[in-house]
Structure formats: structure tokens, C-alpha cells
Amino acid sequence: MPLTVFKRWLIGLVSGAYGLLYLYMLGDIDIGTAGWSWHNLPWQWAHLLSQRSPWQFEALAMLEMGGLVILLSPVNLLIATTLSALLGLNLHGALALRQSAHCTAISSAGVWPSLLAGGACCAPSLLLLLGIPGLGAFVSLFAWMVPLALILLLISRFWQRRQGAPALWSLF
Amino acid sequence: MHCRYLLTLLGLVYLGATLPVQAQPPAGPERVLSPSHAMFNELLLSGGPGKEGIPAIGSPKFSDAGDADDYLKAQDIVFGVYHQGEAKAYPQRIMVWHEIVNDSLGGEPVSITYCPLTATAIGFKRGSTSLGVSGKLLNSNVVMYDRASDSYWSQIAAVAIEGPLKGQSLDEIQVTWTTWARWKERYPQTQVLTERTGYMRNYNRDPYGSYSPLHGYYIEPQVMFPVTHSRPELHAKQMIRGFRTSQVAVAINREYLEQQGVVHYQHADRHYLIIQDSRLDTAWVYESDARIALDPATLSFTQDGPQAPELLGLAKVNMIDAMWFAWATFYPQTVLLDAPDSL
């Protein structure tokens with residue numbers, strides 16, 4: 096049985112919010128004091144792929160809109176979109192399994208890897224914000240969190256599919 | 010005969026032209042080091058971003074003081090440098106994203122460096138090379154590298170800890186941690202680093218917190234990265250003023266210095282005079298082989314710092330503002346001057 100419109104909207108909102116949160120944690124979206132302006136760097140391929148840290152790329156332009164600052168990095172945007180789309184697919188699979196499953200354990204199992212993986216992306220920024228002592232000991236592991244999240248979300252989605260979750264093309 | 014002189018002269022010119030350009034930073038004076046300094050290269054930790062992940066500014070653009078009023082508030086922190094008759098200010102909110110500016114003052118190539126984790130702003134003579142951010146930390150403090158030899162340099166210790174120049178020290182120039190209003194008052198002709206850095210950053214936000222009002226990393230008692238030594242006398246993030254020579258490292262409690270105005274300190278046969286500069290909210294340190302009998306009433310301050318007959322000909326020692334934990338971990342043997350009986 097297909098998911099209700101409400102649930103589909105909910106999935107869209109959660110995954111969209113996750114993408115925005117990811118960009119906020121990177122600093123590509125920020126709220127605070129700003130003016131109204133547009134700045135951009137002269138186009139160069141080297142700028143596009145220039146890394147600030149593993150899995151975080153330089154912005155090519157900056158848009159200030161009153162209290163909102165947006166740094167535009169196409170690669171960061173692509174990663175955020177991919178992660179939020181995979182999170183949405185995982186949530187959809189989990190809810191579909193919950194609706195049809197005979198076993199509660201199977202139905203809810205699909206949600207946790209996706210949320211865990213999604214949360215992992217923001218861990219470095221969260222730890223910095225919270226001022227966790229001894230953060231340095233884990234910093235070298237943070238480089239693995241984005242690829243880990245992508246892999247976990249993919250594995251989780253394949254697992255859901257094997258459990259009978261609807262195929263990707265059935266969503267459209 | 011004339012021909013021989015001419016040939017000799019040409020030969021000397023040729024030899025001069027073929028001498029290697031000083032690519033490496035000029036060597037600085039010997040300074041005390043931590044008892045752990047031999048292990049510094051084994052204590053390097055990744056800070057998160059990789060090499061050059063925090064991009065040093067290589068082509069800084071400046072405005073004059075009048076234009077800087079458009080993007081700086083009176084209380085904004087700037088790192089001011091007055092060197093060989095030229096004054097420049099580097100706003101903290103720009104430096105926090107780049108940590109190093111490769112610049113020149115009075116025709117001399119210098120690197121102005123800032124580590125947000127230890128709150129240390131230090132200027133170095135860089136020769137014809139430039140410095141970059143290595144992505145490594147030592148005792149929570151930025152480790153720089155020079156692009157000529159790829160040697161790694163500790164900012165606070167100002168010494169190479171890895172690479173071909175290991176063991177060499179850097180020659181420093183004084184950087185003043187103050188506010189924009191105070192700096193502009195003393196150096197109205199100052200140039201000011203602008204946000205046209207060649208990188209896109211939200212310069213209105215400090216990723217570590219804020220100095221005005223004080224919050225975030227800058228006030229939390231926790232230190233984010235492991236350090237080799239700690240001393241409990243002060244709050245870890247309390248700002249002190251420090252200096253070190255070949256014989257001694259000294260930290261001065263800022264409040265204590267403000268109360269005293271001038272503080273004398275003697276170590277072995279060396280005498281030090283620490284002078285509070287209230288208008289600029291900084292301090293100056295002088296060294297002598299005899300007690301410096303300064304009458305504070307005769308003291309005045311100009312762009313060259315304190316002026317008094319007793320200071321003429323005395324050697325200045327570079328003073329560094331730092332968080333207490335950072336100074337204490339690099340100089341666990343440090344003297345702390347925070348009360349009359351500590352002298």
C-alpha cells in the first residue's frame with residue numbers, strides 16, 4: 096500500500112531540513128548580521144575542486160541577504176543533496192516496511208542506520224559548538240564520516256529493498 | 010691596469026648575483042623551550058583541515074583608516090603592527106579564517122600569524138619565502154610551514170620542529186592585540202586588511218565564539234586538543250602577557266600589570282621592565298644588565314612605544330598575548346607575575 100500524502104510530505108521536509116542543516120553545519124548557510132551583497136570569485140576549475148578539509152570544498156560565491164548568508168560551493172551542494180536524497184529514500188523505505196511488516200523489529204531497523212549516518216555528518220561541528228574536551232583525539236576520524244554516511248545510507252537502502260521496501264521507480 | 014680592476018669588479022658582481030637568494034626565513038634569537046621540545050615532532054596532531062585547508066592570505070588588500078570605519082566597529086579586535094615606519098591592522102574576524110597573512114611592512118617581507126585556539130598573534134620575518142597553515146597542531150597551537158623548505162614551525166615556540174630547518178628559530182616582530190578604536194588613535198595613518206582576500210568566507214561570524222561579548226571556545230574552561238603540560242594558577246583561557254628570552258619565560262597577569270603600571274623583574278643578572286600602555290591596551294618589555302630605574306611620571310607613548318630617557322638604548326623584548334593554558338604548556342617552567350610576592 097503506498098504511503099499517504101502526509102507521510103510523503105513529512106519525508107520531503109525531514110530530508111530537506113537535513114540538507115539545510117548539513118550546509119549550516121559546514122558554514123555554507125549562516126544566520127546573523129549581514130548586509131545585501133553578491134560576491135564571486137573569477138571562474139576557475141581549480142577553485143571548484145579546492146578543498147577546505149576532507150569532503151568540504153571552497154565556495155565560489157557568497158550571497159548576503161539581510162540576516163542570511165549563503166556561501167555557494169557546487170560540490171558541497173551536491174554532497175548535501177545526495178545525502179538528503181538518500182536519507183529521504185531510507186525514511187520512505189522504513190515507513191513502507193513499517194506499514195506492511197509483520198515484525199516491528201524489521202520495520203523500525205531501517206530508520207536507525209539512516210539517522211545515525213545522517214547525524215554523523217554534523218558531528219565535528221556539533222562537538223566544536225558544544226566544546227567537547229579532547230575533541231582533537233577524534234579529528235582525524237571526522238574525515239571518514241561523510242563517506243561512511245553515504246555508504247551506510249546505501250547499504251541500509253539495499254537492505255530495505257531486500258526486505259520488500261518499494262523500488263525507487265515506484266515513488267514517481 | 011684599469012682592465013684588471015674592471016674584471017675584478019665584474020667578477021664580484023657576478024659572484025654577488027649567483028649567491029643564493031635567502032629563501033628560508035631569517036634565523037631569530039635563541040629562546041627557552043619546553044622540556045618536551047625534543048618530542049615536538051611526535052606530538053603533532055591533525056587539526057581537521059588539511060595542509061592549506063585554512064588558506065593563508067597571499068595577496069592582501071588594504072584600505073585606509075577612514076574606509077575601514079565602514080566595516081570595523083570601535084571595539085573590534087585588530088592585530089596591529091608598526092614596523093619600519095609603516096602601520097597596518099589585521100582584523101581578528103578576518104584572521105580567524107586565514108591564520109596567516111604573507112605581507113611586507115616597510116619593505117620587509119613578514120608573516121602576520123594568528124592562532125584562534127591559543128589566542129596568539131605573532132609576526133615573523135619570512136625572508137623571500139612565505140608561510141602556510143600546515144593543518145597540524147602542536148599543543149593546540151597552529152603549526153606553520155615555509156613553502157621554500159617545507160619545514161614545519163611552531164607558532165608560539167617560533168622554532169622549526171620538523172624538516173630541513175629543524176631547530177632554527179624565527180625572528181619575530183611585535184604584534185599588538187588591541188581594538189580598532191585604540192589602534193586608529195595611535196596610528197591614524199594605518200592601513201587595514203580588507204575582506205578582499207581572494208576567498209569566500211562569512212567574515213561576520215567567528216566559528217569559535219565571540220570576544221564581545223565573550224562566549225564559546227574563548228571562555229569555556231576546556232581545551233579542545235591535548236597538551237603536554239598544564240598549570241592550575243589561572244583559568245585556562247585567561248589572557249596573559251608573556252615574553253621569553255634565552256634564559257627565562259615570563260607570564261604577567263594582565264590585571265596585575267594594569268594595577269602596577271610598570272613591573273620590574275630580575276632573572277639571574279638580567280633585568281626586565283614591563284610597561285603597561287593603557288591607551289593601546291598593550292605592554293612593552295625592556296631588558297638590561299642593570300635595574301632600569303624608570304620614573305613612570307616621565308613616561309610618554311608615541312608610535313614607537315614608550316619614551317623615557319631611561320629607556321634609550323635598551324633592548325626591547327617581544328611581548329605576546331596568549332591564553333594561559335597555551336603559555337603554560339609551551340613554557341611549563343614559566344614565571345607567573347600576578348602579585349608583588351611573585352617577583
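From first to last, the protein sequence lines stand for chains A and S.
When the letters of the first sequence are read in order and numbered with the numbering used here, they come out as residues 96 to 267.
When the letters of the second sequence are read in order and numbered with the numbering used here, they come out as residues 10 to 352.
Using N, Cα and C, we set each Cβ at its ideal position, and we do this for glycine too.
| Item | Value |
| --- | --- |
| Beta-carbon gap between S/Val294 and S/Asn262 smaller than 9 Å | no |
| CB contact below 9 Å: A/Gln320 versus chain S | The question about residue 320 of chain A has no answer here: the residues shown for chain A are numbered 96 through 267. |
| C-alpha distance - S/Asn213 paired with S/Ile283, whole-angstrom precision | 35 Å |
| Pairwise C-alpha distance: S/Ala324 and S/His280 | 11 Å |
| Distance, S/Gln84 Cα to S/Gly376 Cα | No answer is possible for residue 376 of chain S: the residues shown for chain S start at 10 and end at 352. |
| Rounded C-alpha distance that separates S/Leu320 from S/Phe88 | 25 Å |
| Close beta carbons around S/Tyr265, own chain, < 6 Å, minus the five adjacent residues each side | Asp347 |
| Below-9 Å beta-carbon distance, A/Leu115 vs any chain S residue | no |
| Under 9 Å between C-beta atoms of S/Val168 and S/Val90 | no |
| Stretch-stretch touch, CB-based, cutoff 8 Å, three pairs: the region 193 to 210 of chain S with the region 103 to 111 of chain S | yes |
| Inter-residue spacing [alpha-carbon to alpha-carbon] between A/Gly161 and A/Asp123 | 15 Å |
| Simplified DSSP state of S/Thr138, which is helix, strand or coil | coil |
| Within chain A, the residues that S/Gly59 reaches when beta carbons sit closer than 8 Å | Gln146, Ser148 and Pro149 |
| Check whether S/Ala260 and S/Ala190 have beta carbons under 9 Å apart | no |
| Those runs of the alpha helix (DSSP H) which lie wholly inside the region 51 to 105 of chain S and span at least 4 residues | 74 to 77 |
| Residue-level contact to chain B via CB, S/Tyr161, 9 Å cutoff | Annotation note: the requested chain B is absent from the structure, which comprises protein chains A and S. |
| Residue-level contact to chain A via CB, S/Ile131, 9 Å cutoff | no |
| Cβ-based neighbour list, S/Thr188, same chain, cut-off 8 Å, excluding 5 preceding and 5 following | Ala83, Gln84, Asp85, Ile86, Val87 and Asp290 |
| Neighbourhood of A/Trp104 by C-beta, 6 Å cutoff - its chain only, sequence neighbours within 5 removed | none |
| Option in S/His244, S/Ser255, S/Ser43 and S/Arg210 with minimal Cα separation from A/Ser168 | S/Arg210 |
| Residues of the region 212 to 223 of chain S with Cβ closer than 7 Å to any Cβ of chain A, in chain order | Asn213, Arg214 and Pro216 |
| Neighbourhood of S/Phe234 by C-beta distance below 8 Å, restricted to the same chain and skipping five residues each side | Leu54, Gly56, Leu126, Leu146, Asn148 and Ser149 |
| Contacts that A/Val170 makes with chain S (C-beta to C-beta distance below 9 Å) | Near A/Val170 there are no residues of chain S at all, since even the closest Cβ is about 13 Å away, more than 9 Å. |
| Residue closest to A/Ile174, alpha-carbon to alpha-carbon, out of A/Gly130, A/Ser195, A/Leu118 and A/Leu263 | A/Leu118 |
| C-beta atoms of A/Ala271 and A/Leu136 nearer than 9 Å | Residue 271 of chain A lies beyond the range of chain A shown here (96 to 267); nothing can be said about it. |
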